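Working notes, beginning with the structure itself.
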Amino acid sequence: MQVNVVIEIPQGSDVKYEIDHKTGKIYVDRFLYAAAHYPFNYGFIEGTAAPDGDPLDCLVISREAVTPGAIVRSKPVGALKTVDEKGEDTKIIAVPYGNIDPFYSDIDDITQISSPIRNEIEHFFNHYKELEPEKFVKVLGWMNKKEAEETIKKCSVARVV
Numbered sequence: 001m002q003v004n005v006v007i008e009i010p011q012g013s014d015v016k017y018e019i020d021h022k023t024g025k026i027y028v029d030r031f032l033y034a035a036a037h038y039p040f041n042y043g044f045i046e047g048t049a050a051p052d053g054d055p056l057d058c059l060v061i062s063r064e065a066v067t068p069g070a071i072v073r074s075k076p077v078g079a080l081k082t083v084d085e086k087g088e089d090t091k092i093i094a095v096p097y098g099n100i101d102p103f104y105s106d107i108d109d110i111t112q113i114s115s116p117i118r119n120e121i122e123h124f125f126n127h128y129k130e131l132e133p134e135k136f137v138k139v140l141g142w143m144n145k146k147e148a149e150e151t152i153k154k155c156s157v158a159r160v161v
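Just so you know, we're using our numbering here: the sequence shown kicks off at 1 and counts up by one.
Below you can see the structure in the form of structure tokens.
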């Protein structure tokens, strides 16, 4: 499966950006309260609507930061199930599709991502909202590639290749 991921937040950032879906403008949502930064590029999958009404969240594992607003053709390899103050909030985990980033072109499932990288992702999502009043995140566990693809199909509002 290939999906288009619109990057909102580049890896290494401690600023949470959001794209206004009506205007296409990129806004600063907030600066992270915790001493944390996004471990990889973060955005959403085009043509999807998650249970919270927003497009499905996606973290794209790559070696370089990507400019907000850019689209990365990506291959879903798994997902991290989380719940926050608004309810269920699954994070699809993907790698760049094909040879966009050759370091990840052979990855087909979340189990092929090294434990240190999976631990870093899980740690980030467990703690990045920690100091924000009335906000929380709880990591519920990992989903494999098949489960991630089923989630994407279930949330699709347009054709996913």
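Glycine is no exception: its CB is placed at the ideal position from the N, C-alpha and C atoms. Note that the structure is a prediction, hence the values are computed from the model and not measured.
*Could you tell me whether the Cβ atoms of Y128 and A34 are closer together than 8 Å?*
Residue mapping note: residue 128 aligns to position 128 of the sequence shown, counting from 1. Residue mapping note: residue 34 aligns to position 34 of the sequence shown, counting from 1. Contact flag set, yes.
*Quick one: Cα of Y42 to Cα of N144, how far?*
In the sequence shown, residue 42 corresponds to position 42, counting from 1. In the sequence shown, residue 144 corresponds to position 144, counting from 1. Cα to Cα, Y42 sits roughly 19 Å from N144.
*Since I believe V60 is in contact with V77 (beta carbons under 8 Å), could you give me their beta-carbon distance rounded to a whole number of angstroms?*
Numbered from its first residue, the sequence shown carries residue 77 at position 77. Numbered from its first residue, the sequence shown carries residue 60 at position 60. At roughly 10 Å, the Cβ-Cβ gap does not stay under 8 Å, so V77 and V60 are not in contact.
_Distance CB(Y97)-CB(K81) smaller than 8 Å_ = Looking up residue 97 in the sequence shown gives position 97. Looking up residue 81 in the sequence shown gives position 81. No.
_Buried or exposed, going by whether 16 or more other CB atoms sit within 10 Å of the CB of V161?_
Here residue 161 is taken as the residue at index 161 of the sequence shown, counted from 1. For V161, the predicted model reports a pLDDT of 49, less than 50, meaning its position is unreliable; a value from the coordinates is still stated below. Classification of V161: exposed, given that the 10 Å Cβ count is below 16.
_On a Cα-Cα basis, can you pick out the residue from D84, E85, C58, V95 that is closest to E165?_
Given a span of 1 to 161 for the chain in the structure shown, any question on residue 165 remains unanswerable.
*Can you tell me whether DSSP reads T82 as helix, strand or coil?*
As a position in the sequence shown, residue 82 is number 82, starting the count at 1. If DSSP states are grouped into helix, strand and coil, T82 belongs with the strands.
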